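From first to last, the protein sequence lines stand for chains A and B.
Okay, so the first sequence: first residue is 15 according to the numbering used here, each after it adds one.
Okay, so the second sequence: first residue is -8 according to the numbering used here, each after it adds one.
Glycine residues also receive a C-beta, built at the ideal position from the N, C-alpha and C atoms.
The structure displayed is predicted, hence computed values, not measured ones.
Down below is the structure, laid out as structure tokens.
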Amino acid sequence: MSVHVFGIRHHGPGCARSLLGALAALAPDVVLIEGPPDAQEVLPFAGHADIAPPVALLVYPVDAPKRAVFYPFAEFSPEWQAIRWALSHEVDVRFMDLPQAHRMAEPDLDVDMVAASAEPPPTTEPSDREERAERDPLDLFAEAAGYTDHELWWEHQIERHRDATDLFDAIREAMHAVRGDAPPKNALEARREAYMRTVVRGAEKDGRERIAVVCGAWHAPVLVDHSTAKADAALLKGLPKVKVEATWIPWTHSRLSFRSGYGAGVHAPGWYAHLWTAPDHAVTRWAVEAARLLRSEDLDAPSASVIEVVRLADTLAALRGLRSPGLAELNESAVSILCHGEPARLRLVRERLEVGEVLGRVPADAPTVPLQRDLQALQKRLRLKVSGEIKPLELDLRNETDRERSRLFHRLTVLDVAWAAPKSATRGKLGTFNETWSLRWVPEMEVALIEASVWGNTVEGAADSRARHLGEQASHLGALTPILDRALLAELPGAVEELLARVQERAAVGADVQHLMLALPPLVRASRYGDVRRTPTEALLAVIGALFERVVVGLRHASVTLDADAAAERLRAMIGVQESLGILDDGVRRAEWAAVLGALADDDAVHGLLRGWSCRSLFEHGHLDAGHLERRARLALSPVVPALDAAAWIEGLLQGAGLALLHQDGVWIALDRYVVGLSSDAFQEMLPLLRRAFSGFSGPERRMLAERLKDLHPSMSGRARAHRVSDPAAAAIDHRRAGAVLPVLARILGVNTG
Amino acid sequence: MSQPAADVSTILRRHAEDEYAEELAALAAADDRERPPSWRLSPWAVRTYLLGGTLPNGFEVRAKYIGNARLIEIAVSTLATDRALLLLGVPGTAKSWVSEHLAAAIAGDSTLLVQGTAGTDEAALRYGWNYARLIAEGPSEKALVPSPLYRAMREGKIARVEELTRMPSEVQDTLITMLSEKTLPIPELGIEVQARRGFNVIGTANNRDKGVNDLSSALTRRFNAVVLPTPATLEEEVSIVTRRVAETGRALALPAEKPPMEEIRRLVTIFRELRDGVTADGKTKLKSPSGSLSTAEAISVMNGGLAMATYFGDGAVRAGDLASGITGAIVKDPVQDRIVWMEYLQTVVKERDGWKDLYRSCMEIV
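Quick look at the structure:
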């Protein structure tokens, strides 16, 4: 009877490979793995043909799924390989960590701490060096070896160590030296190790011959011949217990990396995947992959350079006394050769290169995740049928059930589970208490739902944290407000509060006027949901006010020297603000807005489009009378104004449908004079612009306009007629001379004139 | 070579391989690792030469480059893989300094140098002709005037091309054949020079100024680029300035008064703050002047201060000795930079404890 302890690093491909070799050599009759025994029941799914890592074991208390804990596994995780090995060789495999049933029952244990302790060694970068050393004694080794990063040290010393017969003994000895005889770091660790020892003793009692123990390197030295059964039993006595459930869920590479905050301990799963699949060619494959990704970004990356990257990385590794290049050498070589010394270029592809996004798969018959269960419960309660056909659904939000349904749909939208799609795009504009949806469930949504389960275990909780996350990601104000809009519709008060604060903060810290203006309409629309959705209208209005004031202050300054495209975009934003003002119905703000528009209309440095539209808007809202409008039209269209400028002004003025302008003869006269005054070349040039300017008018409007033009102004129409008459072709046809040509024409055309 | 044997002690600035001959000899003696063909030292010894260290026999090698050791490792590895090396950086980030020392350590010869200017022509990179001889004897190898690159190829040494991007593009491209085929054809004589092993090129270029002649992509592909950054921390920069001031002071025969640490720290602080556009505590935003305010400039300001103090003062460097140097380094544009400097003096220098003397001295000059 013998117990063999294999201390590993979670997600270390080198460890995984050595471990497989060791297991094959040992041929154990039981494999014990550091993992939650609560998941023992679902463990066999790991051998299922349909499972594909990265996957995670999810363990959650039945009554509080929020406190779920994830145990992620990648293809190259040693634990995963050990489980697969045991299952395929029909060897008994057991989890041996302290059950989550006990750990989750500890009221004083922070949820986060539980989650973090499931993933030793800790990988977030604590600012305090001392604290770090205390938390991770592996650092002492790394520092002794002259490494600043202990991950790097481990990779060089162990992961890249391909001939590893005595590797595990060495690891255990090293850990023994580090831990010395110090007691476990805390009560939790003491209990976990006591439990692990108990499981090992149990296996011994069962009469197992060769026991393989796979655990984090840290625990390796204390699992055998350490402490007594009695002491351990005392430690584990009377632990509280809650009911927990476990299942498998698909995981992704990015969530293995610590950039996403889960701290599973791998910063470059993409690189590890190469190391695992092709240890002898990992360097080359990585360099080729880097070049391919750079090419996909339209950057030069010839194969000749790839060869040089590999050569330089090899030389660097030799210079640094490494067996073969690691990620650092490869990155530095790639920057130097493929990116001509500019790290920014590599950053473009770094995420895809180092993380190498992959989504795992779990068998269909694996137990469901809490989020799915929550949704199923909601669907049942709200009497919503799940079907693959497209089904329309009309909701009246004044009715409580319908409101809840709408809320559910909006929340699912936040989670990117597109079960229900809003049918009418104008929902924001039409009645606030009616919504039309079309429902259709497709199998991919199952995946989307499981995907979304990382955000939380209830629809509400998940939507809330997703919305917050999106808010964090939003790079500018324009991106932030649509999220806020969605959060408001989904009635996520917590997220809304945070997003509002974020909007305010963004607006305060030098946001672009354009972004500020684009942010207004969704906010204003949201303020109208009012009591129907229990929107925090007060807070919203305060933010709207702050945004609006900044727009008023900054608009004129930001509107000079815009080119045509920028002016068109600015105009769209301004129209949005104008519409929002209509909804807000606030006299003071309208007056302020009118003042800004007046300033814009008078400022020659402002693009014609904006000036024209400002005049039009002022006129429509009664801030400008007909006489003034006419005067402005004459000014804007006077001969000294460059033709393009004038055309832009016209386009701005005629933006959208124009019934109100139809009766303003003065404007039309000015316009007519302008058109008539154009030289024929300029007219040709302006014609498309002018046509476009009128394109917003409806057919009847155009007809009415044409009717009016006929008798615009007596003198004008007279002049126009005179114009036509003065045309030499039309003026006087000498019938006698014309007649003389007819026989010749007839002969040419072959017409018999008789 | 053929230069008249000058008295060594009268030479203003000695080549790296002469100045540090003792270190190079000690390194070569202690170096038992594999050397690439024609290299005087192994890559490990070259690294030690540049980054400093203690040899097994206790000999202390001074650091030539203070900063990120990984960059030097990339540079040395590049040369070991027979790829050409391109050192990039803003002015005063020790590009030429590193290139000189690399050439000295690897080939024992840092003199094969071509300075790139707008007027550099192909002959400077390939070969020229001794016209008297050409006319008298006709084309022959004797009439040919080899360029530094020509000689480096023939002798298997490192050639240095300074300010690569200042040369016209068509002249730059002359390098392509030399770097990829490692050969230099001489069509006039129907022969070619094939590079001996050990030949390589170190180019330097300023990656800050735009509008000079960017390298063609064909040429870029033949270089491994290493960007030398400005010193990362105040401490690092202070130590660079201290060391270099002491060294150049010795070379310029300034009295061996130790450069005052406190003044160096002040000087470097001013330079860093203006360069970064923010005060060291990160609390106040500042305008940056048009100059690059490199470490090299800080060194020369300090040297100027030392000279002032030695010849016109009592030998101890004081604020007054540095004021004109600092002002001169910062105010490159008489209008804009002056405003920047005045603002800095008024808002930062004036308020800082113990900087009153500096403030007064500078205000006298501005």
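Next item on the list: Compare the Cα-Cα distances from threonine 450 of chain A to each of A:Met459, A:Leu237, A:Lys437 and report the closest residue.
Entry: A:Lys437
Notebook entry, point to check: According to the neighbour-count rule (16 or more other Cβ atoms, all chains shown, within 10 Å of its Cβ), is aspartate 180 of chain A buried or exposed?
Noted result: exposed
Check: Between the C-alpha atoms of leucine 249 of chain A and alanine 243 of chain A, what's the straight-line distance to the nearest angstrom?
Finding: 10 Å
Notebook entry, point to check: Helix, strand or coil: which one does DSSP assign to alanine 295 of chain A?
Noted result: The identity of residue 295 of chain A in the sequence shown is histidine, whereas the question assumes alanine. Here histidine 295 of chain A sits in coil by DSSP.
Margin query: Among the candidates A:Val83, A:Thr261, A:Ala608, A:Glu665, whose CA atom is the shortest distance from the CA of alanine 581 of chain A?
Written below: A:Glu665
Next item on the list: Within the segment 103 to 183 of chain B, note down every full beta strand (DSSP E) run reaching 3 residues or more, in order along the chain.
Entry: 104 to 106, 118 to 120, 135 to 137, 149 to 153, 174 to 177
Next item on the list: Identify, in the order they occur along the chain, each residue of the same chain with its Cβ nearer than 7 Å to the Cβ of glutamate 8 of chain B, setting aside the five sequence neighbours on each side.
Entry: Leu15, Ala95, Gly99, Asp100, Ser101
Note to self: Measuring only the C-alpha atoms, how far is glutamate 238 of chain B from alanine 348 of chain A?
What the structure shows: 36 Å
Checklist line | Selection of the segment 343 to 355 of chain A by Cβ proximity to chain B, strictly under 7 Å | finding: Glu346, Ser350, Ile351, His354, Gly355
Item checked: For valine 538 of chain A, the nearest candidate out of A:Leu202, A:Arg325, A:Asp600 (CA to CA) -> A:Asp600
Notebook entry, point to check: If you measure from the beta carbon of alanine 216 of chain B to each beta carbon in chain A, is any gap under 8 Å?
Noted result: yes
Check: Under three-state DSSP, which class holds arginine 395 of chain A?
Finding: helix
Note to self: Within 10 Å of its beta-carbon, does leucine 701 of chain A have 16 or more other beta-carbons around it, so buried, or fewer, so exposed?
What the structure shows: exposed
Next item on the list: Sort A:Leu352, A:Pro550, A:Ala556 by Cα distance to valine 510 of chain A and report the nearest one.
Entry: A:Pro550
Note to self: I'd like to confirm the pairing. Which residues does DSSP put opposite tryptophan 451 of chain A in its beta bridges?
What the structure shows: A:Leu407, A:Pro436
Notebook entry, point to check: From A:Val107, A:Leu362, A:Val527, A:Glu418, pick the residue whose C-alpha is nearest to that of aspartate 769 of chain A; which is it?
Noted result: With chain A covering 15 to 768 only, the question about residue 769 of chain A has no answer from this structure.
Next item on the list: Using alpha carbons as the reference points, say which of A:Arg630, A:Leu534, A:Ser573, A:Asp616 lies closest to glutamate 593 of chain A.
Entry: A:Leu534
Notebook entry, point to check: Would you report the Cα separation of leucine 206 of chain B and methionine 169 of chain B, rounded to the nearest angstrom?
Noted result: 15 Å
Notebook entry, point to check: Buried or exposed: which applies to proline 235 of chain A, given that a residue is buried once 16 or more other Cβ atoms fall within 10 Å of its Cβ?
Noted result: buried
Notebook entry, point to check: What separation, rounded to the nearest whole angstrom, lies between the Cα atoms of arginine 564 of chain A and glutamate 505 of chain A?
Noted result: 28 Å
Note to self: Strictly under 8 Å for the Cβ-Cβ distance: is leucine 125 of chain B near chain A by that measure?
What the structure shows: no
Check: Do you know how far the Cα of leucine 703 of chain A is from the Cα of valine 655 of chain A?
Finding: 16 Å
Margin query: So that I know if they touch, is there some Cβ in chain A lying closer than 8 Å to that of isoleucine 149 of chain B?
Written below: no
Checklist line | CA-to-CA distance, threonine 382 of chain A to valine 431 of chain A, given in whole angstroms | finding: 16 Å
Next item on the list: Determine the direct distance from the alpha carbon of leucine 668 of chain A to that of leucine 611 of chain A, and round the result to whole angstroms.
Entry: 16 Å
Item checked: Contact with chain B by glutamate 322 of chain A, beta-carbon distance below 8 Å -> yes
Margin query: Using the Cβ count rule (16 or more neighbours within 10 Å means buried), how would you classify lysine 55 of chain B?
Written below: buried
Next item on the list: Quick one: grab the DSSP three-state call for histidine 635 of chain A.
Entry: coil
Margin query: Helix, strand or coil for serine 16 of chain A? Go by DSSP, reduced to three states.
Written below: strand
Next item on the list: Taking valine 89 of chain B as the reference, give the member of B:Val136, B:Leu103, B:Ile193, B:Pro178 with the closest Cα.
Entry: B:Ile193
Check: What distance in whole Å lies between the Cβ atoms of proline 251 of chain B and aspartate 328 of chain B, which are believed to be in contact at a cut-off of 8 Å?
Finding: Not confirmed; about 26 Å, so no contact.
Next item on the list: Would you mind working out which of B:Lys133, B:Val232, B:Ala75, B:Asp23 sits nearest glycine 58 of chain B, comparing C-alpha positions?
Entry: B:Val232
Note to self: Checking 8 Å against the spacing of the C-beta atoms, do valine 52 of chain B and glycine 44 of chain B come in under that value?
What the structure shows: yes
Check: Taking all protein chains shown into account, do 16 or more other C-beta atoms lie within 10 angstroms of the C-beta of phenylalanine 90 of chain A, making it buried, or fewer, making it exposed?
Finding: buried
Check: At what residues does the alpha helix (DSSP H) containing glycine 568 of chain A begin and finish?
Finding: 551 to 572
Note to self: Between leucine 155 of chain B and chain A, is the shortest Cβ-Cβ distance under 8 Å, so that the two count as touching?
What the structure shows: no
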